[in-house]
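Working notes, structure below.
2 protein chains.
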Amino acid sequence: MTQQVRDIGEQGLLERLQRFCPPEIIGDDAAVLVTAPEQSLVVTTDLLIDGVHFSHVTTSPEDAGWRAAAANLSDLAAMGAFPIGITVGLGLPGDVSVNWVERLYQGMTECLQKYNTLIVGGDVVRSPVTTLAITAFGQADPHRIIRRSAAVVGDAIVVTGVHGNSHAGLQLLLHPELRQNLNDAEYNTLIKAHQRPQPRLDVLPILWEIVETLHVTSLHPVAGMDSSDGLADAILQICRASGVGAVLEHRQIPFPKTFDSWLTEEQALEYALYGGEDFELVLCLPKELADVLVQHLGQGAAIVGTITVGSKVLLHDKHQKFPDRVLSLSQGFQHFSQ
Amino acid sequence: MTQQVRDIGEQGLLERLQRFCPPEIIGDDAAVLVTAPEQSLVVTTDLLIDGVHFSHVTTSPEDAGWRAAAANLSDLAAMGAFPIGITVGLGLPGDVSVNWVERLYQGMTECLQKYNTLIVGGDVVRSPVTTLAITAFGQADPHRIIRRSAAVVGDAIVVTGVHGNSHAGLQLLLHPELRQNLNDAEYNTLIKAHQRPQPRLDVLPILWEIVETLHVTSLHPVAGMDSSDGLADAILQICRASGVGAVLEHRQIPFPKTFDSWLTEEQALEYALYGGEDFELVLCLPKELADVLVQHLGQGAAIVGTITVGSKVLLHDKHQKFPDRVLSLSQGFQHFSQ
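Those protein sequence lines, which keep their order, are chains L and W.
Numbering-wise (UniProt numbering), the first sequence opens with residue 1 and increments by one.
Numbering-wise (UniProt numbering), the second sequence opens with residue 1 and increments by one.
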């Protein structure tokens, strides 16, 4: 019979999970971490509830763990911070299998290891619903913090990669019949985009090197956030926090090529703008920096628009196939005000 | 009608809760905090579930908030760390009243303000069960970290205050008829000990001043933890982590005076050793330091025993009313091996 959490208890489970944590850090009232001098501490937290944010049914425990860790590391990347460690609070019903929990931790640590970070502490408790509380810690040069509120009129808006893949992957998992439109490689790319999203911590050293080597006139702090809640949301949040507007050019938004075979142009745009969970970075910076950054990043990185005066975020189509549209936070794509 | 969480949504609730957070810190992907140079980062996390760790029924939301914050600050104190801030992840069913949530945050911030710290970030999500995930982070001089594993044979074991008050307060709340044994002041002291426990961050500057001014021979790092899971648990955990034993003297364990009127001697000992949630510190340090520390702390601080070779924790009664007993982690007081 499958061993359940209630069979080994909280203490027994903690002992099983210790192999995912560095032994020199755990085992006391709190974890002690060494931070680099002259760095600011950056902290972010997420609470994930079974049935709301992940599903025992459609998500493997490894993928749920990976995605939870990736989302928090992406929040750090969005601030310009490199991860130091995460804490994991886990609430579990007694009938969850021990194997499920170990696989969840396996997925988390796989993601963390890729970015040289660790689980440094946690808590395991009984709960009627499986609950995952992650707090991620990072450090950043205080002069290189990326804030939502720093966008300036004239900035180019850069996306670090294509958008819509993760949502497409989810749709393929929910509606297997859609697979017939794609070959295996295309299918696997979209599924992986959903199951194993990559926080874009790799962008930071590239960005800072460009900022340092290019002597840009009128350089201001880079503005940005991640696109975990969708590309439209990211741009709208940045504009709101910075007190500016934006014009996006429909034809510059990079779509996955594989969308052509099974989505209309309108659907593809909806996936890209509102799909969410692509965990790319959306950055606002002077055009001359943006050009070099996009060139260095490749792989779907693009300038998708420009920061403008005002507060509206306009979507423009230079082919004039679609009329100009105003994006809004509260309304999804289907409720566009025209 | 009482406004419920579902009436205003997650975004609406977040806006209501922003008044409990410093505006310059929240509103981005993560919080940015300045830490002191040369300090280590200390991190601790707790997950609290309605019906398991607190109750909508017997605990006011202010007290639940205070206790949750206090428990995490106590973990920092137990490491020798001063708090920088906490993050709060909150999972809520739609039918929780907005007022309940605001009162919970009120209780948390009351506790935090007393210790000059803040809520610096968080997450509010939908959940079938009210869930509170707190991560507290602090900073400590790396040479003054208090670890469970640092106890040395011959150390005096200091408690920073009386034990059993919190459990007594809980019993009085659960069994109102017990109140008849106490006057109002006595009753209120015990209730408050349960509802508003005080993390002993105040002990740290006193401890360090004594360590600095007294030139103790053979000084080693101070060992210790907090007594959140009971005094017996704290001593047993320290002994296990340090590879040592201990002898406790029954007559040196400080009991609340108010126990005499309604508890047997055996019950009083049980409350003190196993009651839990008193959030005092249990420290192991050279006798000459311990004497000065106890004198400075007053208010129930006492040397309750000595660290010995071996691994057993013995409870000795110099009046020989009780036989020597061995304390154990897995068994409560009622299951003493004799």
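The beta-carbon is built from N, C-alpha and C at its ideal position, and this holds for glycine as well.
Only a predicted model underlies this, so the values are computations on that prediction, with no experimental measurement involved.
| Query | Result |
| --- | --- |
| Mind listing which residues of the region 84-101 of chain L have their C-beta closer than 9 Å to chain W's C-betas, in chain order? | I84, G85, T87, V88, G89, L90 and G91 |
| Is it buried or exposed, R200 (chain L), if we count other Cβ atoms within 10 angstroms and call 16 or more buried? | buried |
| According to the neighbour-count rule (16 or more other Cβ atoms, all chains shown, within 10 Å of its Cβ), is S261 (chain L) buried or exposed? | exposed |
| At which residues does the beta strand (DSSP E) containing T213 (chain L) begin and terminate? | Counting along the chain, T213 (chain L) falls outside any beta strand (DSSP E), though it belongs to the alpha helix (DSSP H) covering V203 to T213. |
| Per DSSP, H316 (chain L) forms a beta bridge with which residues? | L:E249 |
| For M225 (chain L), which three-state DSSP category applies? | strand |
| For R251 (chain W) and L327 (chain W), what's the separation of their Cα atoms in angstroms? | 16 Å |
| To the nearest angstrom, how far is it from the Cα of A136 (chain L) to the Cα of A232 (chain W)? | 33 Å |
| So which residues on chain L does G122 (chain W) lean against when the C-beta distance must stay under 8 Å? | T45 |
| S127 (chain W) versus chain L: which residues are under 8 Å apart at the beta carbon? | L47, I49, V52, V129 and T131 |
| For Y115 (chain L), which of L:G164, L:A185, L:N72 and L:I303 has the nearest alpha-carbon? | L:N72 |
| Taking contact to mean 3 or more Cβ pairs, one atom from each stretch, closer than 8 Å, check whether the region 269-279 of chain L and the region 155-168 of chain L are in contact. | yes |
| So which residues on chain L does P37 (chain W) lean against when the C-beta distance must stay under 8 Å? | P37 and E38 |
| Counting only Cβ pairs nearer than 8 Å, list the residues of chain W close to D226 (chain L). | D29 |
| How should T2 (chain W) be labelled, buried or exposed, when 16 other C-beta atoms within 10 angstroms of its C-beta is the threshold for buried? | exposed |
| Applying a beta-carbon distance threshold of less than 8 Å, which residues of chain L neighbour A137 (chain W)? | A quick correction: the sequence has Phe, not Ala, at residue 137 (chain W). Those are L41, V43 and F137, listed as they occur along chain L. |
| Give the interface partners of I145 (chain L) over in chain W, defined as CB-CB distance under 7 Å, in chain order. | V32 |
| Can you pull the DSSP bridge partners for I145 (chain L)? | BP columns for I145 (chain L) are empty, so no partner. |
| Can you pull the chain W neighbours of L76 (chain L), defined as C-beta to C-beta under 9 Å? | D29 and A30 |
| On the criterion of 16 or more Cβ atoms from any shown chain inside 10 Å, does L174 (chain L) qualify as buried, or is it exposed? | exposed |
| Is P142 (chain L) closer than 7 Å to residue 340 (chain L) when the C-beta atoms are compared? | Nothing about residue 340 (chain L) can be reported from this structure: the residues present for chain L run from 1 to 338 only. |
| On the three-state DSSP scale, how would you describe C239 (chain L)? | helix |
| Who are the near neighbours of S149 (chain W) in its chain, counting only those whose CB is closer than 6 Å to its CB and skipping five residues on each side? | A241 and S242 |
| Hey, how far is the Cα of V282 (chain L) from the Cα of I145 (chain W)? | 40 Å |
| On the premise that I303 (chain L) lies in contact with I157 (chain L), defined as a C-beta separation below 8 Å, what is that separation, rounded to the nearest angstrom? | 7 Å |
| Using the C-alpha atoms, what's the distance from G298 (chain W) back to K257 (chain W)? | 15 Å |
| Under a Cβ-count criterion, where at least 16 other Cβ atoms within 10 Å of its own Cβ denotes burial, should E186 (chain L) be classed as buried or exposed? | buried |
| Could you confirm whether any beta carbon from chain W is found closer than 7 Å to the beta carbon of M108 (chain L)? | no |
| On the CB-based measure, 16 or more other CB atoms within 10 Å of its CB, does S127 (chain L) come out buried or exposed? | buried |
| For the region 45-65 of chain L against the region 9-22 of chain L, are there 3 or more C-beta pairs whose distance is under 8 Å? | no |
| Would you list the one or two residues that DSSP bridges to A111 (chain L)? | Sequence inspection shows Cys at residue 111 (chain L); the Ala mentioned does not correspond to that position. According to DSSP, C111 (chain L) bridges with nothing at all. |
| Shorter than 7 Å from the beta carbon of Q4 (chain L) to some beta carbon of chain W? | no |
| For T213 (chain W), is the classification buried or exposed, using 16 other Cβ atoms within 10 angstroms of its Cβ as the cut-off for buried? | exposed |
| Residues in the same chain with beta-carbon distance under 6 Å from T131 (chain W), minus the five sequence neighbours each way, listed in chain order, please. | I49 and G91 |
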